[in-house]
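Going down the list, the sequences are from chains F and V. Each residue of the first sequence is one higher than the last, beginning at 1 in our numbering. Each residue of the second sequence is one higher than the last, beginning at 1 in our numbering. By construction, the Cβ of each residue, glycine as well, lies at the ideal position given by its N, Cα and C atoms.
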Amino acid sequence: MKLKIPATRSPRPRRVLGEFTSADLMLAGVDALRRAGYEKLETYAPFDVPGLDERLGLRRSRIGWLVLAGGIIGMILGYGIQWWANVHNYPLNSGGRPVHAVPAFVFPTFEATIIFSGFAAFFGLFAWLRLPRLWAPIDEISGFSRASIDRFWIAVGAISTTEDGDRASAILRDAGALHTVGPADA
Amino acid sequence: MTEATGDAGGLGMPMRDRVIAASDRAAKDATERAALDEYPVLVGAGNNAELTDQILTPIWTSSSVWWPLFIISALLTVLFIYAMGVTFVRGIGSWGNNIPVAWAWGITDFVWWIGIGHAGTFISAFLILLNQRWRGSINRFAESMTLFALVNASLFPLLHLGRPWFFYWLLPYPSTMGVWPNFKSSLPWDVAAVSTYFTISLLFWYMGLVPDLAAARDRAPGITRRRIYGIFALGWRGSSTEWRHYRVAYVLLAGLATPLVISVHSVVSLDFAITQLPGWHSTIFPPYFVAGAIYSGLATVMMLLLPIRKVFHLESIITKAHLSNLAKLMLVTGLMLAYSYFCELFVALYSGDPFEYYTNLIARPLGPYAVIYWFMLFANVVTPQIFWWKKMRTSTVPLFAASLLIFVGMWCERFVIIVGSLNRDFLPSSWHYYAPTWVDMSLLAGSLGLFCLLFLAFLRWVPMVALSEVKKLRYDVAHDPDRVGTELSA
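This is the structure:
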C-alpha cells in the first residue's frame, strides 16, 4: 500500500530502518550506531530484550511516580470516604465501638490505595505511550509485522540528508541487518 | 600476572594444581546444579516463529475436543443460572441454611473459589518479584484461572444477600436514603477486597496480554480477525519506548498484586475471626486461610495444566521443571496448612476454653460431619506428602489424582470451618443438622460449569501461553543458564 502524504506537509527528518534476525544482532547494531554518533534510536522487538535500555542510553522509566501519586490519592480517598460516611455524615454506634475506628478503616483504605495505584499503572502506561494507536506509518513497511513475532528492528531517527541515510544503512548492514528501509516517513 | 606463569605466590600452591582444583570445583558445581535444576525449563520449543504459531494455532482452528466440553459446561452454566433464578424468586429459604447454620454452602463456595484464585496471582505476581523466570510459561493459565474463579467467588456473597438486586447498597455512594455502609463491619471490607482483587487481576492479565495480542494481530488469518485482535492489542508495536515503560508498570502492578494475595484471604478470614463463635474466633485465621488458598489454587492450576499440556502438545514449553516446581509449592503450602490445623487443635486444647475444646476436638472429628473432617485431613495433609518423591512430582497420573483430592479436600475444609462450627454453637438446644438442598448443589455444580465455560473460551480465543515471556525466557536461558535454568534442544 502506497502512503498518501499531503502535499502541504512540511519536510521533516526521516528514519532509516533495519531488520535483524536476533536480539543479539540488534544489540550489536545499536552499539555500532551509537558509536557512530546516532542517538535517536528506536528498536522494535517481540519481547523485552534485557539490557536494551542501557545500550540505548535510556534511564529507568519514571512511570513509578505516577503510580505513587495514584496510590496516595487512593489512600486519602479511601480513608476520607470512610471518615465522611461513618464519623461525620452518619455516625453509627455499632456495639459501643468508637465512631472513629481507625483499625477497622485500615482494610478499605489499603484496598483503595492498591486499586488507585493499579489504575494509575494501567491507564497511566497506555496514556504515557499514547496508545491505543491502531495505525502508524511504520505498519506500512513490508515485513515489519514480524517485529511482534520473531524479528528485531532498529529505526534510526533524525535522518535529514541522503548521505546520512546511506551511512546509517551501511552501519545497519554491517551489523548484520537482513535489509534496510528508508529513509522513510515511518 | 605472576599467577598465570607458574607459582601462585601467596597461596603456596603451584598453578597447575590450582587449575586442577578449579576445574574440579567447576565440575562439582555443574553436577550439583544439574541435581538441583533437575529439568530444563524449555525443551526444544522451536524458533520464535514456530513457537508463536504453536500457541496461536488453537485460536485460529477449532478442535474436536473443544465443542463437547463447551456444551457440557454451557449446560451446567444454564443450571447455575436456573438455580440463581430460584434463589432470586424464592429467596434464601430455597437453600439448606437455617439458624444457627446461617452460612453454609454459599459461603463455603465463596471462600473456596476465592482461595483458588490466589494461586494465579501467586504464580504471576509473587514469582515475578522473586525473579522466578520459569513462571513465564504458565502464568497466563494461572492468571486466567484467577479471573474466572473470582467471577464465581463474587457471585456467591451477592446471592446470599437475600435481596441481591440491592447489591449496590454495599458500595459507599451518596444515596437519597442518607445512609452509608458501616465500615466497622467485615462485609464492606470484603466488598473492597474482592472488587479490588478482581480489578487488579483483570488489569494485570490484560497488560500481560497486550504484546501477545499484537502477535495474534500480526499472524491473524484474514482481515476480520486481524482487526479484532488489532483493536485489543491497542496498537502495540514492541518499540523500545513501549517496553521501557511497560516493564516498570508491569512489575509495579505485580508488586501491587502481591500484597493482595496476602490481604484478600486475610480479609475473608476476618469475616470469621472477628466473630465470637468457637472454631472461628482465632488469630491464626489470616495466615491459615492464605496458605490454604494458595494451596487449593496450585492444585487447580495443576489440574488444568496437565490435560492442556497433553491436548495442545505443550510439553516443550511446560516442562517437567514446571510440574515439579508446582508440586514442590503444593508440598510447602500443604505443610503450612497442616501446621495451621495442628495449631488450631493445640490452642483449643491448651486454652482451656470448653467451647473451643468441644468444637475442635469433639464436634468436628466425632460430630455429624466427621466423615468430611477426616477426608479433609487425609486429602490436605497426607496427599501432598507423595511430592517428597521426585518421580511423583513429574508423573501425570499421581499429580492429577493428588491435585483433585486437594481440590475437593479444600472445599471440605471450608465446609468444616463454616458448617462444622455453626451447627453446634454455645447452646445445645439450638443445635441443628444442616443438609444442602438441590439448589445448593446446583449452584456448586453450576459454578464449576461456568468456570469451565470461561476457561474454554479463554483457550479458544486468547493466546494461552505468554508468548513474549517465553521468548524472553528462551533468550535468558541462552545467556544466563546458571540463574534461569536450561533448555534441552530437541
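Uninterrupted alpha helix (DSSP H) stretches at least 4 residues long and entirely within the region 123-181 of chain F occur at 162-174, given in chain order. By the rule that beta-carbons nearer than 7 Å mark a contact, F/N93 does not touch chain V. Here V/P463 really is in contact with V/D212; their C-beta atoms are around 4 Å apart, less than 8 Å.
DSSP places F/R15 outside any alpha helix (DSSP H); the residue lies instead in the beta strand (DSSP E), whose first and last residues are 14-20.
The bridge partners DSSP lists for F/T43 are F/I154. Contact check for V/F426 against V/S144 fails: the beta carbons are separated by 7 Å or more. Taking CB atoms only, F/D31 has no neighbour in chain V less than 7 Å away.
Here V/S239 is bridged, per DSSP, to F/Y44. V/H245 is classed as buried because its beta carbon has at least 16 other beta carbons within 10 Å across all chains shown. When DSSP assignments are scanned along the region 185-220 of chain V, the uninterrupted stretches of alpha helix (DSSP H) that are 4 or more residues long and fall wholly within it turn out to be 186-219.
Taking 8 Å as the Cβ-Cβ cut-off, the region 224-243 of chain V approaches chain F at G230, I231, L234, G235, W236, R237, G238, S239, S240, T241, E242, W243, given in chain order. With a contact defined as Cβ atoms closer than 8 Å, V/W113 and V/A149 qualify at about 5 Å. Counting only Cβ-Cβ distances below 7 Å, V/V111 has no contacts in chain F at all, with the closest Cβ about 17 Å away. For the 7 Å CB-CB criterion, V/T196 and F/I114 form a contact.
In the DSSP assignment, V/A102 falls outside any alpha helix (DSSP H) and carries neither an H nor an E. Under a criterion of Cβ atoms nearer than 8 Å, the residues of chain V adjacent to F/T43 are, in order, S239, S240. Contacts with chain F (Cβ-Cβ distance below 8 Å) from the region 465-482 of chain V involve L467, S468, E469, K471, K472, Y475, D476, H479, listed in chain order. By the beta-carbon neighbour count (other beta carbons within 10 angstroms, threshold 16), V/M207 is buried.
Chain V places no beta carbon closer than 7 Å to that of F/Y79, leaving this residue out of the contacts. The straight-line gap separating the alpha-carbon atoms of V/E315 and V/Y475 is approximately 19 Å. In this structure, DSSP gives V/E356 a helical state, which the three-state scheme calls helix.
Here V/W411 really is in contact with V/T108; their C-beta atoms are around 7 Å apart, less than 8 Å. DSSP lists V/L42 as the beta-bridge partner residues of V/E487. In the three-state reduction of the DSSP assignment, F/P183 falls in the strand class, which pools E and B.
When Cβ-Cβ separations below 7 Å define contact, F/R97 makes contact with chain V. Residues V41, L42, V484, G485, T486, E487 of the same chain have their beta carbon placed closer than 7 Å to that of V/V477, with the five preceding and five following residues left out of the count. Listed by position along chain F, the residues whose Cβ is nearer than 7 Å to that of V/N48 are P46, I149, D150. The C-alpha of V/I386 is placed about 49 Å away from the C-alpha of F/L129. For F/P13, there are no neighbours in chain V by C-beta distance under 7 Å, as the nearest C-beta there is about 17 Å away. Along the region 100-123 of chain F, going in chain order, the ones with a CB nearer than 8 Å to a CB of chain V are A101, A104, F105, F107, P108, F110, E111, A112, I114, I115, S117, G118, F119, A121, F122. Residue-level contact by beta carbon holds for F/R133 and chain V, with a gap shorter than 7 Å. For F/P50, the residues of chain V that pass the 8 Å Cβ criterion are K472, Y475, D476, H479, in the order they occur in the chain. If you draw a straight line from the Cα of V/T333 to the Cα of V/G117, it is about 15 Å long. Contact with chain F is found for V/R247, since one of that chain's Cβ atoms lies less than 7 Å from the residue's Cβ.
For F/V67, the residues of chain V that pass the 7 Å Cβ criterion are L252, in the order they occur in the chain. The beta carbon of F/Y38 sits no closer than 7 Å to any beta carbon of chain V.
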